[in-house]
Amino acid sequence: MQKLKENKSLCLLFFLALFGLSVGVFDNYRELWMNDNGLSTSAISHVISISYIVTVFILFYFTIRVSPKKLKWGISLSLLINMITGTILICLNHTKYYFWIKFLMFFDIAFSQLILASVYPLMMQIDKSDELYAQKSFVETVSNKFGFLIVAFFLGKTIFHHLIDYNICLLVSVIFNFLAFISLLFISLNSQKDEILNIKQTKQYFAENKVLYHFLITNLLGDMIWGCVLGMPLLLLVNNFHFTSNIASFIVLGLGILSSILSILILKYFRFENDNINLFIKFGLRIILYFLIFLTNNSYILLITIFYLFLLDQPYSFIYSSYFINHIKEEYSLFLTTLRYGSSLLGKAMGTMICGFVFHLSNRLFILPALIISIIHYILATLLIQKKEQF
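Residue numbers for the sequence shown follow the numbering used here, so the first one is 1287 and each next one is one higher.
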């Protein structure tokens, strides 16, 4: 046990594996749990959206006010709150206490997102090597997908006289959170610094590099479009396309795995030197598909578009996202990562709220917000590609 405690990188990866399982087991089914508890589609979208906004505020507090030495305890507190809210929600299942379900779900989602966002700066206190970063990404992805896969197989089945439903998924998620909490306690940090972000210097750096604001706005719009269409993916596939929960799970899981594989292949073999071509493949073709849905009101084209969005989710992130993270001064890289994550959450929050409003409308009206925002986003992204070489 002492050797495990001394190997901080291994402890961190073990924590990530347990928390990743927790996320995979329940987070993908969260909207279905809320729908099963009588919340309307609009109410679910509001819960998700507001929780993302809450996350952004807490995340910025962590970044600006919490020193590296205190980061571990901030994550531990977030995990503890996450476990408490999850446990209460289990007890509230099918009780029709709608206000408390929505209120607690705000914080359950927010603190889950906060933990995910805080892992990277925690990792920087242990080891800044590319090897640990690659291991972190691999463990997060595999454990999340594995948790998702387990539920996809067993959801709706009876095991030991107990039906595996969404509430059981939440219970298992809380158990994995508890194990992750215990493993986090074994991680000791040697950082002697108790520094916090220098706001004045950071503002000056961003004022001298205004292209970073352009990048963040473009990033926000990209995730806003995603939220407009896929803010509640499983609920969309189950309610609007009448897939079973299991089939919908396998669709999302399978396309996610294919997206990861495709991302590696494209980066190694199919990357165009001209980023405008890469941009068109990732975002331009989406506009064409959105326009076809608007013209035809066809459900099959919408389903094809959903598959395309999942499949091209991870590939081509190098167009501009990874470029600015890799080229910014090292002392500001963590803050830019936080800003990018925060802008993504704000975009998803706004998009998911829009998704809730148009969820039960015709396919034409459902896709219209995404079409309009996509055109604006594509113009800004094209200009950003031209500007990034000057950064």
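Beta carbons are placed, not taken as given, at the ideal position from N, Cα and C, and that holds for glycine.
Every value quoted in this text rests on a predicted model; they were computed, and no experiment measured them.
Considering only residues of the same chain and omitting the five flanking positions on each side of residue i, which have a CB-CB separation below 7 Å?
i: residue 1459; result: 1308, 1311, 1312 and 1372
i: residue 1421; result: 1299
i: residue 1406; result: 1623
i: residue 1435; result: 1539
i: residue 1625; result: 1502
i: residue 1534; result: 1520, 1523 and 1524
i: residue 1541; result: 1593, 1596 and 1597
i: residue 1552; result: 1601 and 1602
DSSP on residue i, reduced to helix/strand/coil?
i: residue 1530; result: coil
i: residue 1445; result: strand
i: residue 1463; result: helix
i: residue 1600; result: coil
i: residue 1306; result: helix
i: residue 1557; result: coil
i: residue 1288; result: For residue 1288, the pLDDT reaches just 49, beneath the cut-off of 50, and the residue's location in the model is therefore unreliable, although a value from the coordinates is still provided. Of the three classes helix, strand and coil, the one that applies to residue 1288 here is helix, per DSSP.
i: residue 1552; result: helix
i: residue 1382; result: coil
i: residue 1474; result: coil
i: residue 1326; result: coil
i: residue 1412; result: coil
i: residue 1356; result: helix
i: residue 1451; result: coil
i: residue 1722; result: This structure leaves residue 1722 out entirely; the chain is present only between 1287 and 1677.
i: residue 1615; result: coil
i: residue 1606; result: coil
i: residue 1295; result: helix
Spatial neighbours of residue i within its chain, please: C-beta separation below 6 Å, excluding the five flanking residues on both sides.
i: residue 1287; result: Bear in mind that the predicted position of residue 1287 carries a pLDDT of just 48, short of 50, making it too unreliable to give a figure here.
i: residue 1403; result: 1345 and 1627
i: residue 1393; result: 1371
i: residue 1297; result: 1472 and 1473
i: residue 1629; result: 1502, 1505 and 1506
i: residue 1605; result: 1561, 1564 and 1565
i: residue 1633; result: 1506, 1509 and 1510
i: residue 1615; result: none
i: residue 1636; result: 1510
i: residue 1374; result: 1390
i: residue 1362; result: 1470
i: residue 1500; result: 1670
Please look up how many angstroms separate the CB atoms of residue i and residue j, rounded, as I've assumed it's under 8 Å.
i: residue 1331; j: residue 1638; result: 5 Å
i: residue 1602; j: residue 1568; result: 4 Å
i: residue 1400; j: residue 1423; result: At roughly 19 Å, the Cβ-Cβ gap does not stay under 8 Å, so residue 1400 and residue 1423 are not in contact.
i: residue 1545; j: residue 1596; result: 6 Å
i: residue 1573; j: residue 1661; result: 6 Å
i: residue 1491; j: residue 1664; result: Contact doesn't hold; Cβ gap of about 28 Å is too wide.
i: residue 1437; j: residue 1315; result: 7 Å
i: residue 1379; j: residue 1441; result: Contact flag wrong, Cβ pair sits at about 15 Å.
Counting along the chain, where does the alpha helix (DSSP H) carrying residue i start and finish?
i: residue 1508; result: 1497-1516
i: residue 1494; result: 1485-1494
i: residue 1649; result: 1649-1674
i: residue 1561; result: 1561-1565
i: residue 1584; result: It is not in any alpha helix (DSSP H) - residue 1584 carries neither H nor E in the DSSP assignment.
i: residue 1318; result: 1316-1322
Got a sec? Which residues, its chain only, sit under 8 Å from residue i by beta carbon, not counting five neighbours each side?
i: residue 1333; result: 1320, 1325, 1388, 1391, 1392 and 1395
i: residue 1580; result: 1650, 1653, 1654 and 1657
i: residue 1668; result: 1562 and 1565
i: residue 1430; result: 1306, 1307, 1309 and 1310
i: residue 1518; result: 1317, 1327, 1330, 1331, 1334, 1638, 1641, 1642 and 1645
i: residue 1577; result: 1657
i: residue 1464; result: 1369
i: residue 1338; result: 1395, 1396, 1399, 1631, 1632, 1634, 1635 and 1638
Taking the alpha-carbon of residue i as reference, which of the options has the nearest alpha-carbon?
i: residue 1295; options: 1425, 1338 and 1314; result: 1425
i: residue 1455; options: 1381, 1401, 1668 and 1439; result: 1439
i: residue 1516; options: 1468, 1498, 1382 and 1594; result: 1594
i: residue 1646; options: 1522, 1341, 1667 and 1588; result: 1522
i: residue 1607; options: 1674, 1379, 1554 and 1615; result: 1674
i: residue 1452; options: 1340, 1642 and 1376; result: 1376
i: residue 1524; options: 1305, 1327, 1337 and 1306; result: 1327
i: residue 1528; options: 1543, 1437 and 1589; result: 1589
i: residue 1304; options: 1585, 1466, 1541 and 1571; result: 1466
i: residue 1468; options: 1496, 1358 and 1433; result: 1358
i: residue 1539; options: 1583, 1470, 1433 and 1578; result: 1433
i: residue 1485; options: 1347, 1362 and 1337; result: 1347
i: residue 1462; options: 1366, 1659, 1671 and 1381; result: 1366
i: residue 1671; options: 1599, 1598 and 1559; result: 1559
i: residue 1383; options: 1323, 1362 and 1361; result: 1323
i: residue 1514; options: 1341, 1301, 1591 and 1342; result: 1591
Can you tell me whether residue i sits near the ligand GDP, meaning its C-beta is under 7 Å from at least one heavy atom of the ligand?
i: residue 1536; result: Among the ligands in the structure shown, none appear at all, so the ligand GDP cannot be discussed.
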